[in-house]
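For reference, the structure discussed in these notes is given below.
Number of protein chains: 4
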Amino acid sequence: MQTRTRIDVRYPDCDRMGIVHHAVYPIWYEIARMDFFKEIGFPFEEMNRLGVNPAMVDLSLQYKAPATYPQTLYITTRMGAYAPKKLELLYETATEDGAVINTARTFHIWTGPDNKSINLEEAYPDVYEKIRRAAPQQA
Amino acid sequence: MQTRTRIDVRYPDCDRMGIVHHAVYPIWYEIARMDFFKEIGFPFEEMNRLGVNPAMVDLSLQYKAPATYPQTLYITTRMGAYAPKKLELLYETATEDGAVINTARTFHIWTGPDNKSINLEEAYPDVYEKIRRAAPQQA
Amino acid sequence: MQTRTRIDVRYPDCDRMGIVHHAVYPIWYEIARMDFFKEIGFPFEEMNRLGVNPAMVDLSLQYKAPATYPQTLYITTRMGAYAPKKLELLYETATEDGAVINTARTFHIWTGPDNKSINLEEAYPDVYEKIRRAAPQQA
Amino acid sequence: MQTRTRIDVRYPDCDRMGIVHHAVYPIWYEIARMDFFKEIGFPFEEMNRLGVNPAMVDLSLQYKAPATYPQTLYITTRMGAYAPKKLELLYETATEDGAVINTARTFHIWTGPDNKSINLEEAYPDVYEKIRRAAPQQA
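Residue numbers (our numbering), protein chains in the order written: chain A, 12 to 150; chain B, 12 to 150; chain C, 12 to 150; chain D, 12 to 150.
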């Protein structure tokens, strides 16, 4: 289970060196993450309705090669580790030729309407089951 | 009555031509506008508490000369026309030497907690009095 | 002759009021403008190769209704007035149902590799002919 | 040797949850990093003149508590590991009361005018000496 998100570089994404600024990638990974959640059956609208949010607690990015404008990129998103209260997601940004130019990892804790940590398995077992099913080679 | 807001250009504000991208200026003018409202005694915290918002209905900018990084700029903000339901603000961005590089005008309508237009003079006469006092040469 | 550009609102485009921040629209209009130039046969890559740039000198926007996340919008772009040294473009942002939520007008002067104003008709008659052909009801 | 950078949260930095969006922090850390380089005697203008750039290869952030608008924050920046070809920097973002809300680590390789990796100690020994002197407890 993995999703593929198309990203078209925007003109102001590039800095004075003519390459995409490093702070743009986290925005792209959020778009990719929302595509992933939509694909597994837990879209933003449903998160919003329940007041459930995958709050970001850790973000790491590796910059391997630059991107520029105009250019089309593709982000592959898949799950890493998961547990009732937390979730790890893994990402790869590649060019149209398949060259990987950036990788990332985000780590989230599930929060409820009061912005406090929740046990997703207990609070929303049906949602947790969707997470479980999207996980690679795991029960 | 006018306010002066210091802006330090940020590295990613510049595009691949090495000049500040045109979409950055509206963000600067919002910072300048918030300084203006704070100075006349109607800071964001108070707007937020009352649920009153100067909703943007029209924005226009004139680009006279480019800015770059690193550079310090100053925005002068003052009132234009005003009425119980609306407000016009005028801005000038200048270099440290006083050369004007950008001018702008924003036009707002006052909205209440339900995001509908309100008559500020009727709803909050004390706030409206602050607006009136900040106006140039007007009763 | 007009182009239609699809815009998918991004999560961070929305401010604390849950609506798309007003400074996001100029970025969208730039995407729409690039689509327009591509469609008439003068894409960014060609501008870049020639060192020719439609430098922004005036930008105005009218905010008619808010947008939110997630939402898909469409921008229609068409030419306004034009002359050998300058160009006006007109834009409309609409929802999928066709409701216009924002309109804009940008005014550009053509600049060359030294960032100085050029007469496009004299410098690049073939490009100017493309502009001419894209104009509504004009010779 | 460490620097302290003041950051004033901007209104559009907050997302629809009313908290600073996670993609804003990398921009703040770049401002802090530039302050650090300026303080040790290697400001952006000098980097630009030499064509030397601390290219970002790895960025990681830990989100401990949210920030909001309006709020003033302070980033403390100091050096981590360093070598002739690379550099690690460490950051902490704290509230005015000193509560740490975010930490980060960036890892850079030094590149020259052709964007290829350089040995800073060999290419610019005087700059490297400045780096060395800014390092904690190291020869």
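A virtual CB, placed ideally from N, CA and C, is assigned to each residue, including glycine.
Computed from a predicted structure; not experimentally measured.
- prompt: Rounded C-beta distance between Gln117(B) and Arg15(B)? I'm assuming under 8 Å.
  reply: Working through the second sequence from its first residue, we reach residue 117(B) at position 106. Working through the second sequence from its first residue, we reach residue 15(B) at position 4. With the sequence shown as reference, residue 117(B) is identified as Thr, and Gln is not the correct amino acid for it. That pair is no contact at about 17 Å.
query: Could you give the residue range of the alpha helix (DSSP H) that holds Phe48(C)?
result: Here residue 48(C) refers to the residue found at position 37 of the third sequence. Residues 36-50.
- prompt: In three-state DSSP terms, what is Arg17(A)?
  reply: Taking the first sequence and counting its residues from 1, the one referred to as residue 17(A) is at position 6. Assignment of Arg17(A) by DSSP, reduced to helix, strand and coil, places it in the strand class.
field: Amino acids of chain A, ordered along the chain, whose beta-carbon sits closer than 8 Å to that of Ala76(B)
entry: Position 65 of the second sequence holds residue 76(B). Within 8 Å Cβ-Cβ: nothing; Ala76(B) doesn't reach chain A, min ~17 Å.
message: Does Ala150(A) come out as helix, strand or coil in the three-state DSSP assignment?
response: Residue numbering aside, residue 150(A) sits at position 139 when the first sequence is read from its first letter. Confidence in Ala150(A) is poor, its pLDDT being 46 and thus under 50, which makes the residue's placement unreliable; the coordinate value appears in the next sentence. Reduced to three states, the DSSP call for Ala150(A) is coil.
message: Please give the ranges of any alpha helix (DSSP H) in the region 51-85 of chain C, keeping only runs that are unbroken, at least 4 residues long and fully inside the region.
response: Counting only runs of 4 or more, we get 55-61.
Reduced DSSP category for Ala134(B) - H, G, I as helix; E, B as strand; rest coil: Position 123 of the second sequence holds residue 134(B). The three-state secondary structure of Ala134(B), taken from DSSP, is helix.
message: Just list the residues that DSSP pairs Met12(B) with in beta bridges.
response: As a working mapping, residue 12(B) is identified with position 1 in the second sequence. The beta-bridge partner set that DSSP reports for Met12(B) is empty.
- request: Determine, using beta carbons only, whether Pro65(D) comes closer than 8 Å to chain B.
  value: To locate residue 65(D), count along the fourth sequence from 1; it is residue 54. With 8 Å as the cut-off, Pro65(D) does not count as an interface residue toward chain B.
query: When the Cα atoms are used, what is the spatial distance from Asn59(B) to Tyr80(D)?
result: Walking along the second sequence from the start, residue 59(B) turns up at place 48. Walking along the fourth sequence from the start, residue 80(D) turns up at place 69. Near 11 Å, if we compare the C-alpha coordinates of Tyr80(D) and Asn59(B).
field: Endpoints, beta strand (DSSP E) assigned at His119(A)
entry: The sequence position of residue 119(A) within the first sequence is 108, counting from 1. Where His119(A) is concerned, the enclosing beta strand (DSSP E) stretches over 111-122.
message: Could you give the first and the last residue of the continuous beta strand (DSSP E) run that contains Lys97(C)?
response: The residue labelled residue 97(C) in the question sits at position 86 within the third sequence. Secondary structure note for Lys97(C): its beta strand (DSSP E) is the uninterrupted segment 97-106.
Closer than 7 Å at the beta carbon, the chain C residues around Pro23(D): Translated into positions along the fourth sequence, residue 23(D) becomes position 12. The answer, in chain order, is Asp26, His32, Ala34.
message: Looking at chain D, is there any beta carbon in it that lies within less than 8 Å of the beta carbon of Glu50(B)?
response: Taking the second sequence and counting its residues from 1, one reaches residue 50(B) at position 39. It does not: the Cβ of Glu50(B) has no partner Cβ on chain D nearer than 8 Å.
task: Kindly indicate which residue of Pro147(D), Lys97(D), Phe48(D), Asp24(D) has the alpha-carbon position closest to the one of Thr83(D).
output: To locate residue 83(D), count along the fourth sequence from 1; it is residue 72. Looking at the Cα atoms, Asp24(D) is the closest of the given residues.
query: With 8 Å set as the bound, which would you pick, yes or no: does the beta-carbon of Tyr40(A) sit closer than that to a beta-carbon of chain B?
result: Within the first sequence, residue 40(A) is the residue found at index 29, counting from 1. No, its Cβ sits nowhere closer than 8 Å to a Cβ of chain B.
task: Report the neighbours of Pro124(A) on chain C: residues whose CB is nearer than 9 Å to its CB, in chain order.
output: Position 113 of the first sequence holds residue 124(A). For a Cβ distance threshold of 9 Å, nothing in chain C lies close to Pro124(A): the least Cβ distance comes to about 15 Å.
- prompt: At a Cβ threshold of 8 Å, is Met90(B) touching chain D?
  reply: On the second sequence, position 79 is the one that residue 90(B) refers to. Not closer than 8 Å to any Cβ of chain D, the Cβ of Met90(B) fails to qualify, so no.
task: Quick one: grab the DSSP three-state call for Arg143(B).
output: For the purposes of this step, residue 143(B) is taken as the residue at position 132 of the second sequence. Secondary structure of Arg143(B) (DSSP, three-state): helix.
- request: On the DSSP bridge assignment, give the partners of Tyr93(C) in chain order.
  value: Within the third sequence, residue 93(C) is the residue found at index 82, counting from 1. Tyr93(C) is bridged to Leu98(C).
task: List the residues of chain C whose Cβ lies closer than 8 Å to the Cβ of Tyr80(D), in chain order.
output: On the fourth sequence, residue 80(D) is found 69 positions in, with the first residue counted as 1. Here the neighbours are Arg27.
query: Which chain D residues sit within Cβ distance under 8 Å of Phe55(B)?
result: By one-based count along the second sequence, residue 55(B) stands at place 44. Taking a Cβ-Cβ cut-off of 8 Å, the neighbours of Phe55(B) in chain D comprise Tyr22, Tyr80, Pro81, given in sequence order.
message: On the CB-based measure, 16 or more other CB atoms within 10 Å of its CB, does Asn113(A) come out buried or exposed?
response: Taking the first residue of the first sequence as 1, we reach residue 113(A) at position 102. By the 10 Å Cβ count, Asn113(A) comes out buried.
- request: Quick one: using the 10 Å Cβ neighbour count with 16 as the cut-off for buried, is Pro136(B) buried or exposed?
  value: For the purposes of this step, residue 136(B) is taken as residue 125 along the second sequence, with counting starting at 1. Pro136(B) counts as exposed, since fewer than 16 other C-beta atoms from the protein chains shown sit within 10 angstroms of its C-beta.
query: Comparing alpha-carbon positions, which option in Ile142(D), Arg143(D), Leu70(D) lies nearest Val35(A)?
result: Here residue 35(A) refers to the residue found at position 24 of the first sequence. Nearest of Ile142(D), Arg143(D), Leu70(D) to Val35(A), Cα basis: Leu70(D).
task: Report the option in Leu100(C), Asp125(C), Ala92(C) whose CA atom is closest to the CA atom of Ile86(C).
output: Position 75 of the third sequence, counted from the start, is the residue given in the question as residue 86(C). The candidate whose alpha carbon is nearest that of Ile86(C) is Leu100(C).
message: Can you tell me whether Asp26(D) is buried or exposed? The criterion is at least 16 other CB atoms within 10 Å of its CB, across all chains shown.
response: On the fourth sequence, residue 26(D) is found 15 positions in, with the first residue counted as 1. Result: buried.
- prompt: Roughly how many angstroms separate the alpha carbons of Gly52(B) and Asp46(B), rounded to a whole number?
  reply: As a first step, residue 52(B) is located in the second sequence; it is residue number 41 there, counting from the start. As a first step, residue 46(B) is located in the second sequence; it is residue number 35 there, counting from the start. Roughly 10 Å separates the two Cα atoms.
field: Pick from Lys141(B), Met28(B), Gly62(B) that is closest to Gly62(C), judged by C-alpha positions
entry: Stepping through the third sequence from its first residue, residue 62(C) is reached at position 51. When each option's Cα is compared against that of Gly62(C), the closest is Met28(B).
- prompt: Taking 8 Å as the CB-CB cut-off, is Pro147(D) touching chain A?
  reply: Translated into positions along the fourth sequence, residue 147(D) becomes position 136. Chain A has no Cβ within less than 8 Å of the Cβ of Pro147(D).
Exposure label - Glu41(A); buried when at least 16 CB within 10 Å: As a first step, residue 41(A) is located in the first sequence; it is residue number 30 there, counting from the start. Its Cβ being crowded by 16 or more others within 10 Å, Glu41(A) is buried.
message: Suppose you measure from the CA of Pro124(D) to the CA of Ala134(D); what does that come to, to the nearest Å?
response: In the fourth sequence, counting from the first residue as 1, residue 124(D) sits at position 113. In the fourth sequence, counting from the first residue as 1, residue 134(D) sits at position 123. Their backbone Cα atoms lie some 12 Å apart in a straight line.
- prompt: Ser71(B) touches chain C at which residues, Cβ-Cβ below 8 Å?
  reply: Against the second sequence, residue 71(B) aligns to sequence position 60. At a beta-carbon threshold of 8 Å, the residues of chain C lying near Ser71(B) are Asp69, Leu70, Ser71, Leu72, ordered along the chain.
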